[in-house]
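Using the working numbering, the first residue of the sequence shown is number 151, and each one after it goes up by one.
Here's the structure, in structure tokens; my notes come after.
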Amino acid sequence: MDIAVNFKIVPDDQMIKPMGDKLVVDVPLKISTYDKNAIEEAVRLKEKFGGKAIGITSGIYDLKSIKEALAMGLDEVVFIDLKNSDVYSTAMAISETLKQYNPDIVIFAEMSTDSGTSSLPGYVAELLGYPYVSYARSINIEGNKIRVERSMLTHIEVVESTLPAVISVSGEINTPRIPSIKQILEASKKPIKQVKFDNVSPKVVIKDIKPFVINRKGIVIEEENVEKAVDKLLEYLKSDGVVLG
151 MDIAVNFKIV PDDQMIKPMG DKLVVDVPLK ISTYDKNAIE EAVRLKEKFG
201 GKAIGITSGI YDLKSIKEAL AMGLDEVVFI DLKNSDVYST AMAISETLKQ
251 YNPDIVIFAE MSTDSGTSSL PGYVAELLGY PYVSYARSIN IEGNKIRVER
301 SMLTHIEVVE STLPAVISVS GEINTPRIPS IKQILEASKK PIKQVKFDNV
351 SPKVVIKDIK PFVINRKGIV IEEENVEKAV DKLLEYLKSD GVVLG
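Dropping the structure here:
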């Protein structure tokens, strides 16, 4: 059984500092937090059923992060060279890359820690023509069938599907392993491939990213009578264009 897993390299969100109306993003890079759960699950399935576990990453190239993914147990990593891509163009490039490998399962995390759209696996499943199950908290495989438990808001849902399939996993599915020194050294010997798609262009372009700024007016209502204080507050809100139901 061959498993493909997508992971994203992102700026460390704990190190990003707003400065005025700009974001200072000259910070260390890392594997997106939930993507480590996806990598771990792919490696566990490989260890249980045999085959290969192939990593797919696009956007930012960071050798240290790629070697970390290989040290966790991936057999190889394919880096897709994309510039200024949106979710759809990224999905197109990933799906075309996956067609060269024909994996039985394609695993994604529930979301990335930067954009957090949670939409990429659905796009990839549609482009591949594979069934898609999201928010998996456990995965069981018997023959050509996969049984997935999904975490819903108020209950647990059990879904069955045939393979091949696209699965997005939640953070509760496992605890990512910490590679040993031996695994870290062996990672340097594993293949890293690079592909480029010149014919893929974004439909949506992000022009700017800024931190959310709250401007406080610092108005203090000095009124002993509560009803009068409320009336003044309502007047201030109405003057600011607040719609009161």
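For every residue, glycine included, the Cβ atom is placed at its ideal position computed from N, Cα and C.
Because the structure is a prediction, the values reported are computed rather than measured.
- The straight-line gap separating the alpha-carbon atoms of Ser269 and Glu373 is approximately 51 angstroms.
- Fewer than three pairs of CB atoms, one per stretch, sit closer than 8 angstroms, so the stretch 251-258 makes no contact with the stretch 215-224.
- In terms of CA proximity to Leu303, Tyr285 leads the group Asn290, Asn294, Glu310 and Tyr285.
- Where Val376 is concerned, the enclosing alpha helix (DSSP H) starts and stops at Val376 to Ser389.
- For the 9 angstroms CB-CB criterion, Ala192 and Val155 form a contact.
- Scanning its chain for C-beta atoms nearer than 6 angstroms, with the 5 sequence neighbours on each side dropped, one finds around Val308 the residues Glu299, in chain order.
- Using a 10 angstroms sphere on the CB of Val355, the tally of other CB atoms stays under 16, which defines it as exposed.
- By the Cβ neighbour-count rule, Met242 is buried, with 16 or more other Cβ atoms within 10 Å of its own.
- Between the C-alpha atoms of Ser215 and Tyr386 there is a straight-line separation of about 52 angstroms.
- Ala379 counts as exposed, since fewer than 16 other C-beta atoms from the protein chains shown sit within 10 angstroms of its C-beta.
- Glu226 and Lys357 have their C-alpha atoms roughly 34 angstroms apart.
- By the C-beta criterion, the stretch 192-212 is judged to be in contact with the stretch 247-256, since at least 3 inter-stretch pairs fall below 8 angstroms.
- Counting C-beta pairs closer than 8 angstroms gives three or more between the stretch 309-320 and the stretch 272-286, which meets the contact rule.
- If you check the CB distance, Glu190 and Pro326 come in under 9 angstroms.
- Just so you know, the alpha carbons of Ile230 and Ile369 end up roughly 53 angstroms apart.
- When beta bridges are read from the DSSP output, Arg194 appears opposite no residue.
- Nearest in C-alpha terms to Ile306, of all of Arg297, Pro314 and Thr312, is Arg297.
- With a 10 Å radius around the Cβ and a threshold of 16 neighbouring Cβ atoms, Ser330 comes out exposed.
- According to the DSSP assignment, Glu310 belongs to no alpha helix (DSSP H) but to the beta strand (DSSP E) extending over Ile306 to Thr312.
- Following the DSSP letters along the chain, one finds Ile244 in no beta strand (DSSP E) but inside the alpha helix (DSSP H) bounded by residues Val237 to Leu248.
- Glu372 is bridged by DSSP to nothing; it lacks a bridge partner.
- In the displayed model, Val274 falls within a helix according to three-state DSSP.
- Leaving aside the five residues that flank Ile289 on each side, the residues in its chain whose CB is nearer than 6 angstroms to its CB run, in chain order, Val298.
- Residue state for Ser215 is assigned as helix, using DSSP reduced to three classes.
- If you draw a straight line from the Cα of Lys339 to the Cα of Lys180, it comes to about 21 angstroms.
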